[in-house]
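To keep things clear, I will list the structure first and then write my remarks on it.
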Amino acid sequence: MEYFEDIAVGDTARFGAYAVDRVEVIAFAEKFDPQPFHLSDAAAAKTPFKRLAASGWHTCAMTMAMTVAHGQERQQALLGSPGIDTLRWLKPVYPGDTLRCETQVIEARRSESRPTMGLVKSAVTVFNQDDVVVMTFIANMMVQARPGGRAATA
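Note that the numbering used here gives residue 117 to position 129 of the sequence shown, counting from 1, and the numbers run on in steps of one.
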């Protein structure tokens, strides 16, 4: 298990390969973000997107799926999140794209009110298959402290 004490400022990770599916883009938009450029090629052609584009919120959801899978692979002792900061959608995400993530820990501190956990901030960058940055944000995570409070030894 990877606990709070195993995380250091500067730690980086690269993970994910999420194939953006046209049917999923439309289904997400129909339910959560029914703007025309997320629903139809014809409508999107009249916008700066020029073609069907995924909702930014769908991009967040796809990123979350990659993040959870990565955390499970690493057996991270994650306890949830109080939120994110500075979310930016920088480029459109289209059906046929493949997304991936890079993270860097920018802050890690033990919780003063709950010493059994730490708070970790990470800069998250999401890229498409051409290494174009499509989204960035700062993730705030709550991570369980190691019972006994010591870092693992290598």
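Note that beta-carbon positions come from the ideal geometry of N, C-alpha and C, so glycine has one too.
The C-beta of residue 106 has 16 or more other C-beta atoms within 10 Å across all chains shown, which makes the residue buried. Ranked by Cα distance from residue 51, the options 3, 109, 104, 135 are led by 3.
Excluding five sequence positions before and after residue 10, the CB atoms of its chain that fall closer than 6 Å to its own CB belong to 83, given in chain order. Residue 50 carries a helical assignment under DSSP once its states are collapsed to helix, strand and coil.
In the displayed model, residue 72 falls within a strand according to three-state DSSP. For the 9 Å CB-CB criterion, residue 95 and residue 112 do not form a contact. Here DSSP, grouped into helix, strand and coil, assigns residue 106 to strand. Here residue 93 is not near residue -9, since their CB atoms are 9 Å or more apart. Setting aside the 5 residues that flank it on each side, residue 91 is surrounded in the same chain by 1, 110, 112, each with a C-beta closer than 6 Å to its C-beta; the list follows chain order. Membership of residue 10 in the alpha helix (DSSP H) is indicated by the continuous run 10 to 20. Residues of the same chain with a CB within less than 6 Å of the CB of residue 47, apart from the 5 flanking positions on each side, are 81, 123 in chain order.
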